[in-house]
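Chemist: Residue numbers (the working numbering): 85 to 379. Please read through the structure below; I'll follow up with questions.
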Ligand SMILES: [Zn+2]
């Protein structure tokens, strides 16, 4: 199966603070030619190009980071989820610093940004990845697996020992469900008790009640929520962004339980390995190739 390659019509930009670095950056999306893929371009560092691919991932603590040599672009997943949702295959993402702005913590501002740019077909095809076999990654009680299917379906379950989150599950059909309405507005979330520890580790320095759902032990400190199950919806958003690093569209039925960026990344790596494996020969051809005959 093939899909049309797509890019944006015109340049658009957005500015804001980085969730983890606390650094203000401007992201400019530029149209790109068919086949060039999704690429981060460090405008402040001689236009160094970092492809948005699994091979570029460098860090996965609380967010997905891509890099080349010692240059990085962090928290790429919400922007990449919006790019995936619009079906964009080729775009240059110029950025003048180390982290994509968090804006409101969701993918909604990026959905609107791309809408403002407009989307156009490039008159070339991109092959859709459809696996032949299931692929699974398990880490203790966390897991994520994909079984072959003709469209992309995500079933995500989380289980937090917290009165507002608890157990939540969501079934999202990428072909028929509305990403803009159901997934894009779901914001990232964090626990107030982790903030000091995260800041000491150089994380969450730009985090605030303006760009994340902040929870204490009893509940949400900066309500109201946009959805009662906003947390699991955000996990689906993160996963869609991380799947962009495959480098082409994928179909399959994905089941995730208590996963996160680190597990998503191992999963994408395993999918790419499975996709690169040579197609097994049909049994008769295998037998003749090995000079085996029935007697
Ligand atoms: Zn996220």
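Heads up, the beta-carbon is just placed ideally off N, CA and C, and yes, glycines get one too. Owing to the predicted nature of the structure, the values given are computational and were not obtained by experimental measurement.
For chain B, is any of its Cβ atoms less than 8 Å away from the one on residue 322?
Modeler: Of the protein chains in the structure, only one exists, and it is not chain B.
Chemist: Kindly examine ligand 1 and report whether one of its heavy atoms sits closer than 7 Å to the Cβ of residue 272.
Modeler: Checking the Cβ of residue 272 against ligand 1 gives yes.
Chemist: Whose C-alpha, out of 103, 234, 321, is nearest the C-alpha of residue 292?
Modeler: Measuring from the Cα of residue 292, the nearest candidate turns out to be 103.
Chemist: Out of 208, 111, 230, point me to the one whose CA is closest to residue 381's CA.
Modeler: Nothing about residue 381 can be read from this structure; the chain reaches only from 85 to 379.
Chemist: In the structure shown, what three-state DSSP assignment does residue 103 receive?
Modeler: Looking at residue 103 - three-state DSSP - the assignment turns out to be coil, as it is neither helix nor strand.
Chemist: Are the Cβ atoms of residue 322 and residue 183 separated by less than 8 Å?
Modeler: No. Outside cutoff.
Chemist: Does the Cβ-Cβ distance between residue 316 and residue 252 come in under 8 Å?
Modeler: Taking 8 Å as the Cβ cut-off, residue 316 and residue 252 qualify as a contacting pair.
Chemist: For the region 157 to 177 against the region 103 to 120, are there 3 or more C-beta pairs whose distance is under 8 Å?
Modeler: Yes, the region 157 to 177 touches the region 103 to 120.
Chemist: Express the C-alpha separation of residue 179 and residue 228 in angstroms, rounding to a whole number.
Modeler: Cα to Cα, residue 228 sits roughly 32 Å from residue 179.
Chemist: Spell out the partners DSSP gives residue 330 in its beta bridges.
Modeler: DSSP lists no partner for residue 330.
Chemist: Taking only runs that begin and end inside the region 106 to 138, name each unbroken beta strand (DSSP E) of 3 or more residues, in chain order.
Modeler: Counting only runs of 3 or more, we get 108 to 115, 122 to 126, 132 to 135.
Chemist: Smallest Cα separation from residue 248: which of 274, 281, 304?
Modeler: For residue 248, the nearest C-alpha among the options comes from 304.
Chemist: Identify the continuous beta strand (DSSP E) that holds residue 208 and give its terminal residues.
Modeler: Counting along the chain, the beta strand (DSSP E) containing residue 208 begins and ends at 203 to 211.
Chemist: Does DSSP put residue 193 in a helix, in a strand, or in coil?
Modeler: The answer is helix: DSSP assigns residue 193 an H, G or I state.
Chemist: If you draw a straight line from the C-alpha of residue 350 to the C-alpha of residue 152, how long is it?
Modeler: Using only the alpha carbons, I get a separation of about 19 Å.
Chemist: Would you kindly work out how many angstroms separate the C-alpha atoms of residue 98 and residue 116, rounded to a whole number?
Modeler: Their Cα atoms are separated by approximately 18 Å.
Chemist: Measuring alpha carbon to alpha carbon, tell me which of 159, 110, 185, 137 ends up nearest residue 144.
Modeler: Per the Cα distances, 159.
Chemist: Out of curiosity, what's the CA-to-CA distance linking residue 198 and residue 360?
Modeler: Using only the alpha carbons, I get a separation of about 32 Å.
Chemist: Would DSSP call residue 220 helix, strand or coil?
Modeler: Three-state DSSP puts residue 220 in a strand.
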